[in-house]
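S.K.: Structure in structure tokens, see below.
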Amino acid sequence: MSLLRKIFDILSSKRLLFLLFGLWAAYYIVLSVWNQESFAHFVMDLKHKPLYQIPFVLFIVCGYLRIVADAAHFIGRGILLRYNLTKPHKSPSPSSPPLKGGELIQPSPLAGEGEGEGALLVNFLVFVIGRLMLPLGLMLFLTGFYISITERGFEWIMIAEGHKIKPAWSAQELTVRRIKPGIGEDRVDRKDNNLIFAHEPKVTVADPQMKLYDIGAFPPAKIGNTYMHILNFGLAPGLIISHEGDKKDEGYIPLRIISPGNSDTFNLPGHPYKIQMELIETIDITKPLYGIKVYKDEMVVKELHTRDLFEIDGITVEVKQPIFWVMIEAVKDHGVLFVIFGGLLVVIGGPLYFLSLLIERRIIRRRFIDSK
Numbered sequence: 044m045s046l047l048r049k050i051f052d053i054l055s056s057k058r059l060l061f062l063l064f065g066l067w068a069a070y071y072i073v074l075s076v077w078n079q080e081s082f083a084h085f086v087m088d089l090k091h092k093p094l095y096q097i098p099f100v101l102f103i104v105c106g107y108l109r110i111v112a113d114a115a116h117f118i119g120r121g122i123l124l125r126y127n128l129t130k131p132h133k134s135p136s137p138s139s140p141p142l143k144g145g146e147l148i149q150p151s152p153l154a155g156e157g158e159g160e161g162a163l164l165v166n167f168l169v170f171v172i173g174r175l176m177l178p179l180g181l182m183l184f185l186t187g188f189y190i191s192i193t194e195r196g197f198e199w200i201m202i203a204e205g206h207k208i209k210p211a212w213s214a215q216e217l218t219v220r221r222i223k224p225g226i227g228e229d230r231v232d233r234k235d236n237n238l239i240f241a242h243e244p245k246v247t248v249a250d251p252q253m254k255l256y257d258i259g260a261f262p263p264a265k266i267g268n269t270y271m272h273i274l275n276f277g278l279a280p281g282l283i284i285s286h287e288g289d290k291k292d293e294g295y296i297p298l299r300i301i302s303p304g305n306s307d308t309f310n311l312p313g314h315p316y317k318i319q320m321e322l323i324e325t326i327d328i329t330k331p332l333y334g335i336k337v338y339k340d341e342m343v344v345k346e347l348h349t350r351d352l353f354e355i356d357g358i359t360v361e362v363k364q365p366i367f368w369v370m371i372e373a374v375k376d377h378g379v380l381f382v383i384f385g386g387l388l389v390v391i392g393g394p395l396y397f398l399s400l401l402i403e404r405r406i407i408r409r410r411f412i413d414s415k
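The sequence shown begins at 44 in our numbering and counts up one residue at a time.
See below:
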């Protein structure tokens, strides 16, 4: 037990805690001098290199042990406070502390003249919670930060209606039931060069038990152990490519176009052409009017407007009704709850910490006045 006690005393010592903090601060300062992206380098080192992970974990462990040591200290003072409050004692003389059984009993450091048991208990709770909540919040925040960096996984998944979503770490497969792009019914309107959205874009997915979930841009939706949100979305026109009446290819081309005036490019599969498609002002979304530019060797060889098809050197490109595509960011992050809860404790614990300092200062001042 004595050996364990020594190990605990060393790991919970303020000197070791400040030493580790100083080393991390010095490392970060040096990194910021030599690299502009110092935080990014710090995160990458912490994610991949045990040489940086071990000291960081040791710092967190020391922080928690320091909190345990402080909590034990304050609980001991609380027991003494309750003992002094509940035990009867003789009336003290003006120049001596209270007497009990002929022995001197020092008053609790939280006790003040004229304060009842309830007031003293409130002072004690504010004092202890204020001193412990702020460091506990910081340690929880750093714990979540470390877990997020080292264990976080994410995927970008492009989907359309009917597609399946199954991140690598998840045993649950989701089915995309509906994509609601957030625009007016079957139309994209333009007013003062701004796209008018009727509501936030959302994706409705169903799990194997047919429970429905809505995924939006923000905040992320939590489905099982995965957080998901919309990263990007647009239209995917359907294309049928034929050569002299013989169909060669068919499929959807996801383009970053949703607002009139937006344009995007793609390479025509199997041919040396690059196609630029632009949405024209005020369109019917089920059969849009596209502005088409055909490039070959960076030169425009054809330009036209169409809703259904165009031809290039015997190649016929038939344009079908588009579908909406969505890029989903799926994230597995077990540290986010630690970060949120730790941040909440810091926000609450900060004012309480300064209030505990005021309580301690008031008590010390009162004891100093009473001693005169």
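For glycine and all other residues, C-beta sits at the position ideal for the given N, C-alpha and C.
Do Pro244 and Gly259 come within 8 Å of each other at the CB atom, strictly closer than that value?
M.R.: Position 216 of the sequence shown, counted from the start, is the residue given in the question as residue 259. Position 201 of the sequence shown, counted from the start, is the residue given in the question as residue 244. Against a cut-off of 8 Å, the Cβ pair of Pro244 and Gly259 comes out as a contact.
S.K.: Alpha carbon to alpha carbon, what distance is there between Gly205 and Gly225?
M.R.: What you label residue 225 is simply residue 182 of the sequence shown in a count that begins at 1. What you label residue 205 is simply residue 162 of the sequence shown in a count that begins at 1. Those two C-alpha atoms are separated by around 19 Å.
S.K.: Do Leu108 and Leu54 have their C-beta atoms closer together than 8 Å?
M.R.: Reading the sequence shown from its first residue, position 65 is the one you call residue 108. Reading the sequence shown from its first residue, position 11 is the one you call residue 54. It is a contact, given that the beta carbons lie within the stated cut-off.
S.K.: I'd like to know if the segment 184-202 and the segment 378-388 are in contact, where contact means that at least 3 CB-CB pairs between them fall below 8 Å.
M.R.: Cβ pair count under 8 Å is three or more, so yes.
S.K.: Measure the alpha-carbon distance for Gly393 versus Leu175 and round it to whole angstroms.
M.R.: Locating residue 393 in the sequence shown gives position 350, counting from the first residue. Locating residue 175 in the sequence shown gives position 132, counting from the first residue. Using only the alpha carbons, I get a separation of about 10 Å.
S.K.: Rounding to the nearest angstrom, what Cα-Cα distance links Leu255 and Asp356 in this structure?
M.R.: As a working mapping, residue 255 is identified with position 212 in the sequence shown. As a working mapping, residue 356 is identified with position 313 in the sequence shown. Leu255 and Asp356: Cα-Cα distance of roughly 48 Å.
S.K.: Check Glu194 in the structure and name its three-state DSSP category.
M.R.: Here residue 194 corresponds to residue number 151 of the sequence shown, with the count starting at 1. Helix.
S.K.: Less than 7 Å between C-beta atoms, sequence neighbours within five positions excluded: which residues of the same chain meet that for Pro312?
M.R.: Working through the sequence shown from its first residue, we reach residue 312 at position 269. Counting only Cβ-Cβ distances below 7 Å, and skipping sequence neighbours, we find Ile284 and Asp292.
S.K.: Using only the alpha-carbon positions, how far apart do Lys439 and Leu388 sit?
M.R.: Absent from the structure is residue 439, since the part of the chain shown begins at 44 and ends at 415.
S.K.: On the three-pair Cβ rule with 8 Å, is the segment 260-269 touching the segment 327-338?
M.R.: Contact fails: fewer than three Cβ-Cβ distances are below 8 Å.
S.K.: Does Pro178 pass the burial test, meaning 16 or more other C-beta atoms within 10 Å, or should it be called exposed?
M.R.: Taking the first residue of the sequence shown as position 1, residue 178 is located at position 135. Label assigned to Pro178: buried.
S.K.: So, at 6 Å on beta carbons, what are the nonlocal neighbours of Val343 in its own chain, with the 5 sequence-adjacent residues on each side left out?
M.R.: Locating residue 343 in the sequence shown gives position 300, counting from the first residue. Here the set comprises Lys336.
S.K.: Span of the beta strand (DSSP E) holding Phe276?
M.R.: As a working mapping, residue 276 is identified with position 233 in the sequence shown. That run of the beta strand (DSSP E) goes Thr269 to His286.
S.K.: Can you tell me whether Thr269 is buried or exposed, with buried defined as 16 or more other CB within 10 angstroms of its CB?
M.R.: Stepping through the sequence shown from its first residue, residue 269 is reached at position 226. Buried is the call here.
S.K.: What distance in whole Å lies between the Cβ atoms of Leu298 and Gly267, which are believed to be in contact at a cut-off of 8 Å?
M.R.: Indexing the sequence shown from 1 puts residue 267 at position 224. Indexing the sequence shown from 1 puts residue 298 at position 255. Actually they do not touch by this definition, with Cβ atoms about 31 Å apart.
S.K.: Of all the options Leu59, Arg350 and Phe197, which has the alpha carbon lying nearest to the alpha carbon of His438?
M.R.: This structure cannot settle anything about residue 438, because the visible part of the chain is limited to 44 through 415.
S.K.: Drop a sphere of 10 angstroms on the beta-carbon of Val369, count the other beta-carbons inside from all chains shown, and report buried for 16 or more, exposed for fewer.
M.R.: Here the question's residue 369 lines up with position 326 in the sequence shown. Buried.
S.K.: Assuming Phe353 is part of the beta strand (DSSP E), what are its boundary residues?
M.R.: In the sequence shown, residue 353 corresponds to position 310, counting from 1. Run containing Phe353: Leu352 to Ile355, per the beta strand (DSSP E) assignment.
S.K.: Is it right to say Glu346 is buried, meaning 16 or more other beta carbons lie within 10 angstroms of its own, or is it exposed?
M.R.: Taking the first residue of the sequence shown as 1, we reach residue 346 at position 303. By the neighbour-count rule (16 or more Cβ atoms within 10 Å), Glu346 is not buried but exposed.
S.K.: Jot down the residue ranges of each uninterrupted beta strand (DSSP E) in the segment 355-390, minimum 3 residues, whole runs only, in chain order.
M.R.: Those beta strand (DSSP E) runs which fall completely within the segment 355-390 and span 3+ residues are 358-375.
S.K.: Please report the distance separating the alpha-carbon of Asp88 from that of Leu183.
M.R.: Sequence index remark: in the sequence shown, residue 88 carries index 45 (1-based). Sequence index remark: in the sequence shown, residue 183 carries index 140 (1-based). Spanning the two alpha carbons is a distance of roughly 21 Å.
S.K.: Assign Met320 to buried or exposed, taking buried as 16 or more other Cβ atoms, counted over all protein chains shown, within 10 Å of its Cβ.
M.R.: Mapped onto the sequence shown, residue 320 falls at position 277. So Met320 counts as buried.
S.K.: Between which two residues does the beta strand (DSSP E) containing Gln319 stretch?
M.R.: Working through the sequence shown from its first residue, we reach residue 319 at position 276. Residues Lys317 to Leu322.
S.K.: Which whole-angstrom value is the C-beta distance of Gly173 and Leu395, which I expect to be below 8 Å?
M.R.: By 1-based counting over the sequence shown, the position of residue 173 is 130. By 1-based counting over the sequence shown, the position of residue 395 is 352. Rounded, the Cβ-Cβ distance is 4 Å, consistent with contact.
S.K.: Whose C-beta lies closer than 7 Å to the C-beta of Pro365 among residues of the same chain, with five residues either side of it excluded?
M.R.: Here the question's residue 365 lines up with position 322 in the sequence shown. Within the same chain, Pro365 has close Cβ partners Leu278, Ala279, Pro280, Gly281 and Pro331.
S.K.: Compute the Euclidean distance between the alpha carbons of Lys207 and Ile97, then round it to the nearest angstrom.
M.R.: Along the sequence shown, one-based indexing puts residue 207 at 164. Along the sequence shown, one-based indexing puts residue 97 at 54. Lys207 and Ile97: Cα-Cα distance of roughly 39 Å.
S.K.: If you reduce the DSSP assignment to three classes, tell me which class Lys133 lands in.
M.R.: Start at 1 with the first residue of the sequence shown, and residue 133 comes out as number 90. Because the pLDDT of Lys133 is 47, which lies under 50, any placement of that residue in the model is unreliable, and the number read from its coordinates should be weighed accordingly. Strand at Lys133.
S.K.: Buried or exposed, going by whether 16 or more other CB atoms sit within 10 Å of the CB of Leu217?
M.R.: Stepping through the sequence shown from its first residue, residue 217 is reached at position 174. Leu217 is buried by the Cβ-count criterion.
S.K.: Give me whichever residues DSSP pairs with Asp289 in a beta bridge.
M.R.: In the sequence shown, residue 289 corresponds to position 246, counting from 1. DSSP lists His286 as partners of Asp289.
S.K.: Among Lys90, Ala112, Ser302 and Val246, which has the Cα closest to the Cα of Ile323?
M.R.: Translated into the one-based positions of the sequence shown, residue 323 becomes position 280. For Ile323, the nearest C-alpha among the options comes from Ser302.
S.K.: Please report the distance separating the alpha-carbon of Ala211 from that of Glu372.
M.R.: Start at 1 with the first residue of the sequence shown, and residue 211 comes out as number 168. Start at 1 with the first residue of the sequence shown, and residue 372 comes out as number 329. The straight-line gap from Cα to Cα measures roughly 13 Å.
S.K.: On a CA-only basis, which of Pro251, Ile328 and Val171 is nearest Leu399? Give me that one, please.
M.R.: The residue you call residue 399 lines up with position 356 of the sequence shown. Per the sequence presented here, residue 399 reads as Ser, with Leu not at that position. The shortest Cα separation from Ser399 among Pro251, Ile328 and Val171 belongs to Val171.
S.K.: Less than 7 Å between C-beta atoms, sequence neighbours within five positions excluded: which residues of the same chain meet that for Asp351?
M.R.: On the sequence shown, residue 351 is found 308 positions in, with the first residue counted as 1. Hits under 7 Å: Glu361 and Val362.
S.K.: To which residues does DSSP link Ile258 through a beta bridge?
M.R.: To locate residue 258, count along the sequence shown from 1; it is residue 215. In DSSP, Ile258 forms a bridge with Val246.
S.K.: Evaluate Gly294 with the Cβ neighbour count: other Cβ atoms within 10 Å of its Cβ, from every protein chain shown; 16 or more gives buried, anything less gives exposed.
M.R.: Here residue 294 corresponds to residue number 251 of the sequence shown, with the count starting at 1. It counts as exposed.
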